[in-house]
Amino acid sequence: MAKSSKVLLSYYQKEVLPSTEDRKRSKSLARDHILRELLENISDPVDKNLYKGSLEKAGSTSTNTKINLADEFDFDLHLNIRSFSLDRKCLRYKFTADDDTTSLNVQKSVVMLNANAKEPLPSGFIQIKSDQAPGKLRVGEHLAPRRIHEDLYRKLSNLKKDVPQIKDVSIQKKPHGPAITLTYHKPGEHHIDIDLSPSLFTNDIKVPVKVWKREFFKTNPKVTDMLKDVPILLVPKKENCWLISYEKIMKELFNRIDGEGTCRKICHMILKYDILKWKSQDKEGFEGMSTNPIKHHLLWFNDQHPDNEYWSTGNLARCFKAMLEDLESRIRERKIPNYFDDKTNLLAGKDSAMLKRFADRLHDRRAEVERLENS
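Okay, so the sequence shown: first residue is 9 according to our numbering, each after it adds one.
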């Protein structure tokens, strides 16, 4: 192994990876002693056990790509709604601008859109109809993401007063994407942010056939056969429509993407750690830049190099540098398509100046690796 790869691997092992003890303790605290304690105490006969569905690991918790401190955990809470249908037509309603607030302690007003005022669904989103869901969570026949967030926030906040085990937990009033964020903060311990996303899953939406024809899947038919049956997740990303999420497929793919002695996830995790440091160092910040586009980029880049020999850990520095170069190019072009739905650009709507600063950081990091290789 070249010296540059040894240095990067040491950096990964000593700085990027959280300790096993911290990871296990923090995950148990987040899932078993906070979330489950709260959810098991929700009692409302009107809800018909709406929030008693399964609690599933998501994000880096589910893909074993957690970095540094184990201070962030994502979970999907599957709503107990057994019967629903998908509405792919135009938006039927919106919440009013008069009380335009993201704070979930406010019940927003809603207006129905008439035939002339209906708006198209954003790319990658869908509406859900269900007559099984409690009426307070619906607008007409549609299950409203905003109403679910308001209801779940109210229930969690009320429970917090009555469950002494979670006295060190605060609940954020504003949603974090599709999630409600709970923060554990106790003197002498690092804080833990827990993102809880209400969700549904469906087999009525399929990944386009062309995805399974890409290079990685062609060379890994067993992975392809397994992933084709994984359901699609629906999460409340906007107030009046649901994001079509490939999180469950992404999780399974990430957990199978590396062969023995390969470094795809190592490259990804080193970059995640770098981004974490850049965010703390940059005065202007990288508002709106999450690691989600980075995950999708790794899958696109892997299609260019699907063989395990390329990704040998002995080539770590070369692989990391090449990944940075390709990512920088895509950031400057302001386009990283969703790997499973290439009509959706994951960088759409992001600030151009922020993206340029981010691309510059990638460029500088690549130069560091080059200097390491030449030293």
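We put the CB at the ideal spot given by N, CA and C, even for glycine.
Rounded to a whole number of angstroms, what is the C-alpha to C-alpha distance between residue 227 and residue 314?
-> Counting from 1 along the sequence shown, the entry for residue 227 is found at position 219. Counting from 1 along the sequence shown, the entry for residue 314 is found at position 306. Straight-line Cα distance between these residues: approximately 8 Å.
Using alpha carbons as the reference points, say which of 209, 252, 166 and 82 lies closest to residue 130.
-> Within the sequence shown, numbered from 1, the residue matching residue 130 stands at position 122. Cα-wise, what sits closest to residue 130 is 252.
Which one of 374, 214 and 109 has the shortest CA to CA distance from residue 117?
-> The residue labelled residue 117 in the question sits at position 109 within the sequence shown. Considering only alpha carbons, the answer is 109.
Pair every Cβ in the segment 246-264 with every Cβ in the segment 71-90, then say whether three or more of these pairs are closer than 8 Å.
-> Yes: the two stretches touch, three or more of their Cβ pairs being nearer than 8 Å.
Quick one: measure Cβ to Cβ for residue 171 and residue 49, integer angstroms, because I've assumed they're closer than 8 Å.
-> Here residue 171 refers to the residue found at position 163 when the sequence shown is read from its first residue. Here residue 49 refers to the residue found at position 41 when the sequence shown is read from its first residue. Beta-carbon to beta-carbon, residue 171 and residue 49 are separated by about 6 Å, close enough to satisfy the 8 Å threshold.
In chain order, what residues of the same chain have a beta carbon less than 8 Å from the beta carbon of residue 199, not counting five sequence neighbours either side?
-> Here residue 199 is taken as the residue at index 191 of the sequence shown, counted from 1. Correct list, in chain order: 79, 191, 192 and 193.
Near residue 13, which residues of its chain fall below 8 Å by C-beta distance, leaving aside the five closest residues on each side in sequence?
-> In the sequence shown, counting from the first residue as 1, residue 13 sits at position 5. Cβ neighbours of residue 13 beyond the five flanking positions: 321, 322, 323, 324, 325 and 326.
Under the rule that 16 or more other beta-carbon atoms within 10 Å means buried, what is residue 317, buried or exposed?
-> Here residue 317 is taken as the residue at index 309 of the sequence shown, counted from 1. By the neighbour-count criterion, in which a residue is buried when 16 or more other Cβ atoms sit within 10 angstroms of its Cβ, residue 317 is exposed.
Kindly identify the DSSP beta-bridge partner or partners of residue 206.
-> As a first step, residue 206 is located in the sequence shown; it is residue number 198 there, counting from the start. For residue 206, which the question treats as bridged, DSSP gives the partners 85.
Candidates 248, 366, 93 and 122: closest to residue 102 by CA position | Along the sequence shown, one-based indexing puts residue 102 at 94. If you compare the alpha carbons of 248, 366, 93 and 122 with that of residue 102, the shortest gap goes to 248.
Just how far apart, CA to CA, sit residue 63 and residue 245?
-> For this step, residue 63 is matched to residue 55 along the sequence shown. For this step, residue 245 is matched to residue 237 along the sequence shown. Rounded to whole angstroms, residue 63 to residue 245 spans 18 Å at the Cα level.
Using three-state DSSP, classify residue 101 as helix, strand or coil.
-> Residue numbering aside, residue 101 sits at position 93 when the sequence shown is read from its first letter. DSSP, reduced to helix, strand and coil, places residue 101 within a strand of the structure shown.
Report, in whole angstroms, the separation of the C-beta atoms of residue 346 and residue 305, which I expect to be a contact under 8 Å.
-> For the purposes of this step, residue 346 is taken as the residue at position 338 of the sequence shown. For the purposes of this step, residue 305 is taken as the residue at position 297 of the sequence shown. 11 Å between Cβ atoms; not a contact.
Which value, in whole angstroms, describes the spacing of the CA atoms of residue 153 and residue 379?
-> Locating residue 153 in the sequence shown gives position 145, where the first residue counts as 1. Locating residue 379 in the sequence shown gives position 371, where the first residue counts as 1. C-alpha separation (whole angstroms): 49 Å.
Terminal residues of the beta strand (DSSP E) in which residue 352 lies | Counting from one through the sequence shown, the residue named residue 352 turns up at place 344. Run containing residue 352: 349-353, per the beta strand (DSSP E) assignment.
Is residue 135 buried or exposed, if buried means 16 or more other CB atoms sit within 10 Å of its CB?
-> Position 127 of the sequence shown holds residue 135. So residue 135 ends up on the buried side.
To the nearest angstrom, report how far apart residue 142 and residue 155 are at their CA atoms.
-> Your numbering for residue 142 matches position 134 in the sequence shown. Your numbering for residue 155 matches position 147 in the sequence shown. If I take the Cα positions, the gap works out to 11 Å.
Would you call residue 132 buried or exposed, if buried means 16 or more other Cβ atoms sit within 10 Å of its Cβ?
-> Taking the first residue of the sequence shown as 1, we reach residue 132 at position 124. With 16 or more Cβ atoms within 10 Å of its Cβ, residue 132 is classed as buried.
Report the three-state DSSP secondary structure of residue 192 (helix, strand or coil).
-> Taking the sequence shown and counting its residues from 1, one reaches residue 192 at position 184. Residue state, collapsed to three classes: strand.
According to the neighbour-count rule (16 or more other Cβ atoms, all chains shown, within 10 Å of its Cβ), is residue 184 buried or exposed?
-> Within the sequence shown, numbered from 1, the residue matching residue 184 stands at position 176. Classification for residue 184: exposed.
How many Å lie between residue 369 and residue 282 at the Cα?
-> Reading the sequence shown from its first residue, position 361 is the one you call residue 369. Reading the sequence shown from its first residue, position 274 is the one you call residue 282. Residue 369 and residue 282: Cα-Cα distance of roughly 9 Å.
Three-state secondary structure assigned by DSSP to residue 262 | Taking the first residue of the sequence shown as 1, we reach residue 262 at position 254. Residue 262 falls in the helix class under three-state DSSP.
Counting only runs that start and end within the segment 289-367, where is the beta strand (DSSP E) found for 3 or more residues in a row?
-> DSSP runs (the beta strand (DSSP E)) wholly in the segment 289-367: 349-353.
Report yes or no: do the segment 201-208 and the segment 76-93 share at least 3 C-beta pairs separated by less than 8 Å?
-> Because the criterion of three Cβ pairs below 8 Å is met, the segment 201-208 and the segment 76-93 touch.
Output the distance between the C-alpha atoms of residue 458 and residue 363, rounded to the nearest integer angstrom.
-> With the chain covering only 9 through 383, there is no way to say anything about residue 458.
Buried versus exposed, by CB contacts within 10 Å (16 or more), residue 285 = Your numbering for residue 285 matches position 277 in the sequence shown. Burial call: exposed.
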